[in-house]
């Protein structure tokens, strides 16, 4: 075998055959499964955080036990990273069979949502610091911000859901029922207090999308 043939074989193994994606690319949708797991761990680790009107002493008492909080921060950070990969895979699938601008909007929504998750982790870090320094006024202020920092997550989530639903119902890139579910969840996400329902169902939606993308590889 010549050097040229050897390089060609190596590239084929890394990138897949000319007619199909490589192994890593085929497995990329599974990032959505890992995201759902990380999301669940983050929720379970955070527990019942202090209410928005909690005094500083109560906030400090909660964040003095920083072990579970660190676990939640780590899960949130991992989830944010994985969500960007999921959004990238979904964008690639959608742009193959429909309006590319809508597919880009889906990716943008995922990026905004991931940024919001990162902001959540950043404030949690600040709350731990405030608890360690024994600053009740600072802890109380940060706790208010922490209770009200949902807007970037909800906005990004709504954009991702609505754009996916719109694109799917137009292009049939994904199953039609998934398009309708995406559209309904996107509307619920911006429906005031009902947005919490969409927030809790979002990781389930990501999980379902991941399974659909994995079971129906591009080009099949």
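In this note's numbering, the protein residues as written are 8 to 227.
The C-beta atom is built at its ideal place from N, Cα and C for all residues, glycine as well.
- Bounds of the alpha helix (DSSP H) holding residue 203 are 202-222.
- Note that the C-beta distance between residue 169 and residue 193 is below 7 Å.
- By the Cβ-count criterion, residue 155 is exposed, with fewer than 16 other Cβ atoms from all chains shown falling within 10 Å of its own Cβ.
- Of the other Cβ atoms in all chains shown, fewer than 16 fall within 10 Å of the Cβ of residue 207; this residue is therefore exposed.
- Cβ atoms of residue 89 and residue 45 come within 8 Å of each other, at about 6 Å.
- Inter-residue distance for residue 200 and residue 106 is about 32 Å (C-alpha atoms, whole angstroms).
- The alpha helix (DSSP H) runs of length 4 or more contained entirely in the stretch 120-152 do not exist; there are none.
- Residue 210 and residue 81 have their C-alpha atoms spaced approximately 17 Å apart.
- Minimum Cα-Cα distance from residue 78 among the listed residues 31, 132 and 179 corresponds to 132.
- Following the DSSP letters along the chain, one finds residue 177 inside the alpha helix (DSSP H) bounded by residues 158-178.
- In terms of Cβ geometry, residue 64 and residue 143 form a close pair [threshold 7 Å].
- Only residues of its own chain outside the window of five on either side were considered, and among them 91, 94 and 163 have a CB closer than 8 Å to the CB of residue 118, listed in chain order.
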